[in-house]
Structure formats: C-alpha cells, structure tokens
Amino acid sequence: MELRHLQHFVAVAEDQHFTRAAERLLVSQSGLSASIRALERELQTPLFVRTTRRVTLTPAGRALLGEAERILAQVRSAHEAVAAVQGVLRGMLALGSEQCIAGVHVAGLLAAFRRSHPDVEICLRQAGSGALAEDVAAGRLDLAFAVRTAQEDTDQLRAVPLTSEPMTVLCHPSHRLASAGVAVTPEDLGGEVFVDFHPDWGPRRTTDAAFAAAGVRRSVALEVNDVHSLLDLVDEDLGIAVVPRHFRHKRASLTALPVKGAGDAVYETVALLPPEQATSPAARALMGLLETGGLAPPQEGVHPS
133 MELRHLQHFV
143 AVAEDQHFTR
153 AAERLLVSQS
163 GLSASIRALE
173 RELQTPLFVR
183 TTRRVTLTPA
193 GRALLGEAER
203 ILAQVRSAHE
213 AVAAVQGVLR
223 GMLALGSEQC
233 IAGVHVAGLL
243 AAFRRSHPDV
253 EICLRQAGSG
263 ALAEDVAAGR
273 LDLAFAVRTA
283 QEDTDQLRAV
293 PLTSEPMTVL
303 CHPSHRLASA
313 GVAVTPEDLG
323 GEVFVDFHPD
333 WGPRRTTDAA
343 FAAAGVRRSV
353 ALEVNDVHSL
363 LDLVDEDLGI
373 AVVPRHFRHK
383 RASLTALPVK
393 GAGDAVYETV
403 ALLPPEQATS
413 PAARALMGLL
423 ETGGLAPPQE
433 GVHPS
C-alpha cells in the first residue's frame, strides 16, 4: 500500500467526485482512477459506489477513511518533526476553534505564531466542539480550542484545560426576569422562549446539560450559528439566551442574570490535541506560545467578538 494511494483515496472521499479530486491533486483522472483500483485490489473490496454524478463510500471505505487520515497526518508530522530538529518549522498548522472561545485570544495567538514561524501555513476552521473533537482525533486538525465534551481523554484525543466559567441568562431589559433582578434556576426558565446555538456548539451543550440535570424541558425556538445573531434576537426581545458569562460584555444593552442550581454544568474550555507522541511540532509551538502568557483574551468588557 503506497502513501499516494491513501492520499488519492482521501481526496476522492472528500470531494465525492473523481474529476474534482484529480484537479485538486494535479493528476490525471485516469491516473487517479487507476490508483483507487489498485488500492481496492489490494484490500479486495470496493471502496466507493460510483454513479454518473458522484461517488460515495462503501462500508469498507468508511472504515478505511479514518485510518487513512490518521496515517497521512502522522506522515506529515514526521516530516515536520525532522524539519523542526533542523531548526526550521515548516508545513501547515491546521487549527479549529469555536466562536468567542474563552481562555484564549485566537487571533492574537495566530498573529504571534505567524511572526515566530513565517514558513508555516495556517489553516483555521470554525465549528462546534463535537465536530472539532472528531477532526483532531482523525488527524484532520492539529489541535482545536473547544468546550469540553464526553469525547476527550481517549487513546486518540487529550484535553488541556484552559478556563471555566458559569453560565448567565441574557434578556431584554423589559423582560420580566430583568425587572426581578435576581439569580434564576432552570425551573424559573421552563416556560421561556429560548435563543440558542446549534446543538454541536459548546454553549448549547452546556445549557442542555444543565436543564437535563434539573429535569426541566425547554424549547429552542430560535436557533442560530453565530454570536451576533443570538445577541440581536435577544436584543429584540424575541427570546432569552443562556450563555457563558463573558458573553454579557458583548451587548451592554442586555440584562445579565446569574444562573443557580445548575449543578456541575459549567462552561469549560480546553485545547484538544492528539496523544503527546502524535502532536505535530506546529501544534507544540502554538501551545508553547499560549502557555508563555500574554495571549489570553482582553480584559472583561472588551472581549473580541
């Protein structure tokens, strides 16, 4: 089994199309097809279901994809490790992050990394914590800044704690909760209309866990995928939101109330990395910059959006 066969297989799986994959790889379509056939002959099973419009993975193909991605990531890490020993950090840093993550100023950190390592290409992907954990474990990302989930600390994934904070209710100043001005429990919020993120985002996971622990059902009527839309909807009094405490500084016009009785459901942010021996030199360098300090988020009241 040759590495190029695995590279070709992963490209076709990602693009779900031989022509597009061949164009991206700068190889002929016939050469790409021959490479995939050779891999299928060696494994003695079809890896793709081919149609005139697209190709999809067979069960065997799905089983191979994760392993192929991990092998290619390890090969890339090996090349980068040799370059690092020679005193030059090269290659790519593939980073994932949730929006407005606490405990790290991502833009400032990447700017410092680029100044220190200009020969490293930086790729950033924003997604929910569950997807980020899967991508780090599969080798698609070198590391990610995310909210702790149940997926960490496995043979393929480890979590380095960054910070934790309680959750806060945001509501319009005219809302009945704002006039009361006291801490609220999940039970107090049972009948409210909620604005929240998609289920894979960390704040949504944390809030869902708090309400589930309290045995309180809630309905998310307004589901968004970015912080500003969430704040805009709350600002128009279309619903309330339960968010990490540092979000309260992003919209001064909203009323913030502490949440009590939510058990152990706190918003805990972590850096997700592969096992120590599989961590790339670029990821180690980025974590080194983070640990030396000076790259934490700005002071309260001026958090970046």
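Going by my numbering, the sequence shown opens with residue 133, and the numbers climb by one from there.
Even for Gly, the Cβ is constructed at its ideal location relative to N, Cα and C.
* At what residues does the alpha helix (DSSP H) containing L164 begin and finish? -> In this chain, the alpha helix (DSSP H) harbouring L164 covers 161-175.
* Asked: Are the beta-carbon atoms belonging to L275 and D267 less than 8 Å from one another?
  -> Contact flag unset, no.
* Give me the Cα-Cα distance between R280 and A259, rounded to the nearest whole angstrom. => Using only the alpha carbons, I get a separation of about 14 Å.
* Reduced DSSP category for G223 - H, G, I as helix; E, B as strand; rest coil -> Strand at G223.
* How big is the Cα-Cα spacing for V366 and R290? -> About 36 Å.
* With S412 as the anchor, note down where its beta strand (DSSP E) starts and where it stops. => Per DSSP, S412 belongs to no beta strand (DSSP E) and is neither H nor E.
* Asked: Thinking C-alpha only, which one of A243, F245, E230, E297 is nearest L264?
  -> Residue nearest to L264 within the set A243, F245, E230, E297 is E230 (criterion: CA-CA distance).
* **Between the CA atoms of A244 and S361 - distance to the nearest angstrom** => Spanning the two alpha carbons is a distance of roughly 30 Å.
* Cutoff 7 Å; reference A353; Cβ partners in own chain excluding five residues on either side -> V325, F326, G371.
* Asked: Cβ atoms of S296 and Y399: under 8 Å apart, would you say?
  -> Contact: yes.
* The beta strand (DSSP E) enclosing F329, as first and last residue numbers -> Residues 325-329.
* To do: Apply the 10 Å Cβ neighbour rule to A239 and answer buried if 16 or more other Cβ atoms are within range, or exposed otherwise.
  => By the neighbour-count rule (16 or more Cβ atoms within 10 Å), A239 is not buried but exposed.
* To do: Could you name each continuous alpha helix (DSSP H) segment of 4 residues or more that falls completely within the segment 220-269, going from the start of the chain to the end?
  => Note on the segment 220-269: whole alpha helix (DSSP H) runs with a minimum of 4 residues are 238-248, in chain order.
* Is A154 helix, strand or coil when you go by DSSP? -> The three-state secondary structure of A154, taken from DSSP, is helix.
* Asked: Identify the residues that DSSP records as bridge partners of T300: which are they?
  -> The bridge partners DSSP lists for T300 are V375, P390.
* To do: Starting from S351, follow the beta strand (DSSP E) in both directions and report where the run begins and ends.
  => The continuous beta strand (DSSP E) containing S351 extends over residues 351-356.
* Asked: Tell me which same chain residues have a C-beta within less than 7 Å of the C-beta of R202, skipping the five on either side of it?
  -> Exclusion of the five residues before and after R202 leaves A270, G271 as the residues of its chain whose Cβ lies within less than 7 Å of its Cβ.
* What's the gap between the Cα of D332 and the Cα of A342? -> D332 and A342: Cα-Cα distance of roughly 15 Å.
* Does DSSP put E400 in a helix, a strand or coil? -> E400 sits in a strand when the DSSP states are folded into three classes.
* Can the beta-carbon of L138 be found less than 8 Å from the beta-carbon of A192? -> Not closer than 8 Å, so no.
* Asked: With a CB to CB cut of under 6 Å and the five nearest residues on each side skipped, what residues in its chain are close to C232?
  -> Only V359 meet the Cβ criterion.
* Asked: Pick from K392, E368, V391, G393: whose alpha carbon is nearest that of R383?
  -> Ranking K392, E368, V391, G393 by Cα distance to R383 puts E368 first.
* Pairwise C-alpha distance: R377 and V252 -> The alpha-carbon atoms of V252 and R377 are separated by roughly 35 Å.
* **Euclidean distance between Cα positions of C303 and D364** => Spanning the two alpha carbons is a distance of roughly 11 Å.
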